[in-house]
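Below is one structure, written out as structure tokens; comments come after it.
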Amino acid sequence: MILDYFSMVIGNIRHKGIRSWLTMIGIIVGIAAVVSLISLGFGMQEAVLSEFQKIGTDRLVITPGSGMTSTPASADMTPSKLTQKDIDVINRVKGVDVVSEVLIMPVLAEFKGDINYVILFGTPVDTETSKYLNTMDFFKIELGRTIDSSDQYKVSIGPVLAYDTFIKDVDVGNVITVNNEDFKVVGIQKKSGSPLHDKMIRMPIDVARELLDEPDMISSIFVKTIAGFDVTKVSNDIEYSLRKSRNVKVGEEDFKISTPTEIIERFLSIFAIIQIVFIGIAAISLIVGGIGVMNTMYTSVLERTRDIGLMKAIGAKNNDIMMIFLIESGVLGLVGGTVGVLIGVGISKSVELIAVYVMGPGYISAYLSFELLFGALIFSFVVGCVSGVIPARQAAGLNPVDALRYE
Amino acid sequence: MVVKSVSENIVELKKIEKIYKMGSVEVSAIKDVSFSIKKGKFIIIMGPSGSGKSTLMNMVGCLDVPTKGQIYLDGHDISTLEESDLAQIRGRKIGFVFQKANLLQTATAFENVTLPMIFQNTSKEKREKRAKELLKIVGLEKRMYHKPSELSGGEQQRVAIARALANNPEMILADEPTGNLDSKTGREILDFFKKLNKEGKKTIVMVTHDPSLYNFGDRVIYIKDGQVSKDGIKVSKEGIKVKSIV
């Protein structure tokens, strides 16, 4: 019976042609907005989360300054306030395995006459620290080798720097000039997906300090905890020790310790707010769409009053009429939702392609899950049905004699 | 008495009144009407416009309920039933043919005929078979998949008759079924009703204001000002033997 109503309803919707499509525009826009905004939002969230996962959850990053810092990967670009003394303090905290200071600075580099900005990463090259740093995703090597303690003016570079920064590709063995010093490329790193790291030029930290004429500069301190120790507790202990040695009060810290878990949580809460805003925008379009469906259904009840009277005369019960009209509004919602999902997928994929083209991979990717697409379809059907309830009740309640007489 | 009516009468009206409220004014459309219709008869309800004959037919057809009085359909009092119960009875026992064919414009002739069977939950196979049979009976087997807009007035009315017969009802109610047709087509439709009555043993109740049609019925009930003015049994071609009850 329900199937028969469906085929009856589809006949009606097709009969109305362009009017049916106009009715569905609100739903189409709403669902397209839901799908594209949520998929891109989740995509951004995934990108950020994977960024943190590359660092590892047993790691801590200490950066100068207070309050909101940028990601541990990008670190803070303000002049360093971290010192060798801080490193010594951290080294004495229980549960700390390896401590590595890192210098990060954007610099101009020249390759075969072409000049461009790159990100200088100065890292210690002693065996123990290297062993730890080299486990991080963005320091892993694809071609050639990693820099070691015997290297001076030798560097490894990120894949974006190698292939997408200068007019000509940089190969292992080529020479890049930074601040009038020549550096021989000994390795090209694996693609990490992080735009900042993929554009790095990594060299021994002593060479970097000399090059920048900043003998004490430390941008960030990477800490690896000993397996089995609670990262949060180690983080609290380091904070306590640093506060004491730097002589600052609680709440007035001039440094910031970030644990990946904490940063992830902070980002997730920001993304939750963004998602709520996105869903709010989409909800407004869907409400407008629902009102459109309701309006059309009211018109439809008026136009088909005689048909309703006739159907009642030949045996349709109130519930049958109600069902026919509810299915019709539900189908309007569902078809609108289907078109909306297709358009939404199109928009988010286009944004992803544009982002890759303009900014490179790793920034925004559309996250299109089955749950999102299926959920959007179900939701559009429900919006349609709900919008049709009042008109359908009106249709079902018509008196057959009056309805048959209606002109 | 009720037991007797079950066996002989398909419809029995007892002291029916129908009052419409128009604002604060009450208009009495039917006043104290009583009559019964025997199974298998061809009844013509005749009367001028506004006499209340359509109102009466609506009540006989379970489309409306009386303000006062009782209506028995096959011995069961239907005057106090809810709309959904009335719908069930209409669907099973009564077939309607109106002045306008009232076909669903978006559906084909075939789909229109299957419609009453959908509301009775008849299986798809059965209703398709039945619809094809009925359209063949009304001579539209070659026009089955045409939409109403592609059919002539006479053809549309034949589709409506096929639709009225879909659930094999005991009674067909026809409200001015030839009112919109030319005389030749109208005559064909009337002959078809006659055939249904004689060969199909269907009770036919036809409402008309056209006096030339009285010949088609076994009995003519005249309605005037909401009351039965004459209730006669036709006995010869020359005229009707009228039993006046007024």
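Chains as they are written, first to last, in numbering that gives the first Met the number 0: chain A, 0 to 406; chain B, 0 to 245. No residue lacks a Cβ here, since even glycine has one placed at the ideal position from N, Cα and C.
- When only Cα atoms are considered, B/C61 and B/G90 end up about 10 Å apart.
- One thing to note: A/L102 has its Cβ within 8 Å of the Cβ of A/R208.
- Here B/Y221 is buried: its Cβ has 16 or more other Cβ atoms, across all protein chains shown, within 10 Å.
- Note: A/H196 is not bridge-paired with any residue in the DSSP secondary-structure output.
- Here A/M321 is buried, its C-beta having at least 16 other C-beta atoms within 10 Å.
- Residue-level contact check: B/I203 does not touch chain A, since none of the beta carbons of chain A fall below 8 Å from its beta carbon.
- Within the stretch 53-86 of chain B, contact with chain A at the beta-carbon level (separation under 7 Å) is assigned to N57, L62, D63, E82, S83, A86.
- Within the DSSP secondary-structure output, A/Q188 pairs in a beta bridge with A/I140.
- Between A/I12 and A/V330, the CB-CB gap stays under 8 Å.
- Runs of the alpha helix (DSSP H) lying entirely within the stretch 145-197 of chain B and spanning at least 4 residues, in chain order: 152-163, 182-197.
- Going by beta carbons, B/A165 and B/V112 fall inside the 8 Å limit.
- Residues of chain B with a Cβ closer than 7 Å to the Cβ of A/A312 are, in chain order, L62, R89, F95.
- Per the C-alpha coordinates, the member of A/V8, A/L376, A/R201 positioned closest to A/R303 is A/V8.
- Of all residues in the stretch 311-341 of chain A, only K311, A312, I313, G314, A315, K316, N317, N318, D319 come within less than 8 Å of chain B when Cβ atoms are compared, listed by chain position.
- With its beta carbon less than 8 Å from one in chain B, A/G10 belongs to the interface.
- When rounded, the separation of the alpha-carbon atoms in A/M104 and A/L372 is 43 Å.
- Residue state for A/I290 is assigned as helix, using DSSP reduced to three classes.
- Using a CB distance below 7 Å, the part of the stretch 106-127 of chain B facing chain A consists of A106, L114, P115, I117, F118, Q119, N120, ordered along the chain.
- In this structure, the CA atom of B/H208 is about 13 Å from the CA atom of B/I42.
- In the same chain as A/V47, and ignoring 5 residues on each side of it, the C-beta atoms closer than 6 Å to its own belong to F266, in chain order.
- Closer than 8 Å to the CB of A/D197 there is not a single CB belonging to chain B.
- With 16 or more other CB atoms across the displayed protein chains lying within 10 angstroms of its CB, A/Y131 is buried.
- For A/G10, the uninterrupted alpha helix (DSSP H) run begins and ends at 1-15, by DSSP.
- The shortest CA-to-CA distance from A/D212 to any of A/E180, A/T224, A/K198, A/I220 is the one to A/E180.
- Among the residues of the stretch 283-305 of chain A, those with a Cβ less than 9 Å away from any Cβ of chain B are R303, R305, in the order of the chain.
- In this structure the stretch 156-165 of chain B touches the stretch 90-101 of chain B; the number of beta carbon pairs closer than 8 Å is three or more.
- Setting aside the 5 residues that flank it on each side, B/L133 is surrounded in the same chain by V112, A161, L164, A165, each with a C-beta closer than 7 Å to its C-beta; the list follows chain order.
- Any Cβ of chain A closer than 8 Å to the Cβ of B/L133 would place that residue at the interface, and such an atom is absent.
- When secondary structure is reduced to three states using DSSP, B/L55 falls in the helix class.
- Counting only runs of at least 3 residues, the stretch 31-84 of chain B fully encloses the following beta strand (DSSP E) elements, listed from N- to C-terminal order: 41-45, 67-72.
- Among the residues facing chain A, B/L103 is included, as its CB has a counterpart in that chain under 8 Å away.
- In chain order, I313 make up the part of chain A whose C-beta sits under 8 Å from the C-beta of B/R162.
- Here the alpha carbon of A/G40 sits roughly 18 Å from the alpha carbon of A/G192.
- Taking A/D253 as the centre and dropping the five residues before and after it, the same chain places the C-beta of P63, G64, S65, K80, R245, V247 closer than 8 Å to its C-beta, in chain order.
- Rounded to the nearest whole angstrom, the C-alpha separation of A/A161 and A/F120 is 15 Å.
- Rounded to whole angstroms, the separation of the alpha carbons of A/I389 and A/I290 is 11 Å.
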